[in-house]
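Quick note, the sequence shown lines up with residues 5 to 144 if you use the numbering used here.
Structure first, then comments.
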Amino acid sequence: MGMGYSLSFILAVLATWRVTHLLANEDGPADLIVKFRALLGNSLAGQLMDCFYCLSLWIAAPAALFVSRRPMEWLFTWLALSGAACLLERMVKEPAKNQPAPQSAEGEINNVLRSETFAVTEQPRTDTDKDPERPAIPFR
């Protein structure tokens, strides 16, 4: 089964990303991964499981053997697989969700935004407003 280098590399990138994402960011089937992560705790291996970028280096090392066998080629393939998995992670990461601003209770003063409204007769004057009988009210 002679796969080309490009196809082997693409498959290895996807496999590296998938396994790294599973171990670093998911609970796994029947919560096996999250239980394993909890078992490792704050140990070096436990900290490794919390960092996608660090973990991708270790997952990419054996995956690079799928693509190349010569030492120098394997070294560069290993780093390229980890780098590609990191780029994929950045591309597919869920965007941060905007939280709605907390609403102040009625009568509460908001020190950042003013909710004052002007009555029609109290509207501040603009340069286009040339009514001499109505004095301008300065902004507070």
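Glycine residues also receive a C-beta, built at the ideal position from the N, C-alpha and C atoms.
It should be emphasised that the depicted structure is a prediction, and the values quoted were computed from it without experimental measurement.
The alpha-carbon separation between residue 73 and residue 85 amounts to approximately 14 angstroms. Note that the segment 12-25 touches the segment 78-94; at least 3 beta-carbon pairs, one per stretch, sit closer than 8 angstroms. In the structure shown, the three-state DSSP call for residue 41 is helix. 69 is the residue among 69, 48, 97 and 75 whose C-alpha sits nearest the C-alpha of residue 19.
Looking at the backbone, the Cα of residue 26 and that of residue 54 are separated by about 11 angstroms. For residue 29, the secondary structure class from DSSP, reduced to helix, strand or coil, is helix. Residue environment for residue 96: exposed (fewer than 16 other C-beta atoms within 10 angstroms of its C-beta). Rounded to the nearest whole angstrom, the CA to CA distance from residue 50 to residue 58 is 12 angstroms. The criterion of a C-beta distance shorter than 8 angstroms is satisfied by residue 60 and residue 24.
By the 16-neighbour rule on beta-carbons within 10 angstroms, residue 80 is exposed.
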